Amino acid sequence: MTPDFVFAVCAGAFGLVIGSFLNVVIYRLPIIMQAEWQAQCAELAGGKSEPQPRFNLLVPGSHCPACKTPLRIRDNVPLVSYFAQRGRCAHCGSAISLRYPIVEALTATLSVWVAWRFGFSPAGLAALAFTFVLIALTFIDADTTLLPDSLTLPLVWAGLLLNVNGVFVPLQQAVLGAAAGYIVLWSIYWLFKLATGKEGMGYGDFKLLAALGAWFGWKMLLPILLLSSVVGATVGIVLLILARRGRDIPIPFGPYLAAAGFIALIHGDDIARRFIHF
Numbered sequence: 159m160t161p162d163f164v165f166a167v168c169a170g171a172f173g174l175v176i177g178s179f180l181n182v183v184i185y186r187l188p189i190i191m192q193a194e195w196q197a198q199c200a201e202l203a204g205g206k207s208e209p210q211p212r213f214n215l216l217v218p219g220s221h222c223p224a225c226k227t228p229l230r231i232r233d234n235v236p237l238v239s240y241f242a243q244r245g246r247c248a249h250c251g252s253a254i255s256l257r258y259p260i261v262e263a264l265t266a267t268l269s270v271w272v273a274w275r276f277g278f279s280p281a282g283l284a285a286l287a288f289t290f291v292l293i294a295l296t297f298i299d300a301d302t303t304l305l306p307d308s309l310t311l312p313l314v315w316a317g318l319l320l321n322v323n324g325v326f327v328p329l330q331q332a333v334l335g336a337a338a339g340y341i342v343l344w345s346i347y348w349l350f351k352l353a354t355g356k357e358g359m360g361y362g363d364f365k366l367l368a369a370l371g372a373w374f375g376w377k378m379l380l381p382i383l384l385l386s387s388v389v390g391a392t393v394g395i396v397l398l399i400l401a402r403r404g405r406d407i408p409i410p411f412g413p414y415l416a417a418a419g420f421i422a423l424i425h426g427d428d429i430a431r432r433f434i435h436f
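If you read the sequence shown in my numbering, its first letter stands for residue 159, the second for the next number, and so on.
Here it is as structure tokens:
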């Protein structure tokens, strides 16, 4: 077995474990953010927020949302527990969301893909972390239309720091990419708002594109925007046709940016060459 094959297998197993943790992040981080906002509002209003039980990404431990029974280790094995229990809680029999195994399987699959593409290297390890953050952002935005600063901003700085040594692109391209990524969507936001009086996207989208620019440089921004826009428009039209969403219900743009960012991670050089040639 080659070292790259071993790394890919290890990355897949590690991806399953991380996928289980990402499920926690996807569910809890928006709740934590909302609690912080409520506490800040209460403080600004001159009042005091009610004391709340300790709640973060680690506390309380994993438990069934229906019966609140803490999960045993055997109840919390990625993928295996879900299928062994036929998608139901081992204690109360309540159905477990299909989201959990989907996130775990997706994280494992993309981890293998990334590991095989980059091998065991600084770029490979960084690409794995990048992928994990994109998965969390995708599902959080799909659920809440939020792209948390606690995920997008570290992604910006990580891209810039990695490219100090040119891991993905030269530092100059990374800095210009981060700045241009933010400014482009910020400008579109204000042009749309001035023209229609409505907000077409959130500030989290600006920061996510800035992060993608920091990782892959300014040359990849236009391909990423075009790809994400085409996919987003296609999905939006399909949802309208199927009457699953009304015209006034916002469709989060973050998942499409994240998908385009992952494609840029895997095929960025080829995309850039083809785009420049075109």
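Note that beta-carbon positions come from the ideal geometry of N, C-alpha and C, so glycine has one too.
Since the model is a prediction, treat every value here as computed from it, not as a measurement.
Minimum C-alpha distance to residue i - residue among the options
i, options, result
"Ile176", "Ala253, Leu256, Ala332, Asn234", "Asn234"
"Gly204", "Gln210, Gln196, Pro211", "Gln196"
"Ala467", "Ala368, Leu383, Asp363, Leu349", "The displayed coordinates of the chain run from 159 to 436. Any statement about residue 467 would go beyond what the structure contains."
"Leu256", "Gln243, Thr267, Leu268", "Gln243"
"Trp376", "Gly355, Tyr340, Val389", "Tyr340"
"Leu268", "Phe288, Trp373, Phe278", "Phe288"
"Gly282", "Arg432, Gly419, Asp162, Ile421", "Asp162"
"Ala391", "Met378, Leu400, Phe411, Pro381", "Phe411"
"Ile254", "Ala266, Ser239, Leu264", "Ser239"
"Val290", "His425, Thr310, Gly277", "The sequence as given places Phe at residue 290; Val does not occur at that position. Of the candidates His425, Thr310, Gly277, the one whose C-alpha sits nearest the C-alpha of Phe290 is Thr310."
"Trp373", "Ile424, Tyr361, Leu343, Gly358", "Ile424"
"Pro414", "Gly394, Arg432, Pro236", "Checking the sequence shown, residue 414 turns out to be Tyr, not Pro. Nearest option by C-alpha distance: Gly394."
"Phe276", "Val396, Val164, Leu400, Ile293", "Val164"
Where residue i falls, given that 16 or more other Cβ within 10 Å makes a residue buried
i, result
"Leu181", "According to the sequence displayed, residue 181 carries Asn and not Leu. Per the 10 Å Cβ criterion, buried."
"Ser178", "buried"
"Asp363", "buried"
"Gly251", "exposed"
"Thr227", "exposed"
"Gln210", "exposed"
"Glu262", "buried"
"Ser386", "buried"
"Thr296", "buried"
"Lys356", "exposed"
"Ala166", "buried"
"Trp315", "exposed"
"Asn323", "exposed"
Reduced DSSP secondary structure (H/G/I, E/B, other) of residue i
i, result
"His249", "coil"
"Pro228", "strand"
How do the stretch 184-194 and the stretch 295-315 stand: do at least 3 beta-carbon pairs fall below 8 Å, yes or no?
-> yes
Would you be able to state if there are at least three C-beta pairs under 8 Å between the stretch 409-424 and the stretch 378-386?
-> yes
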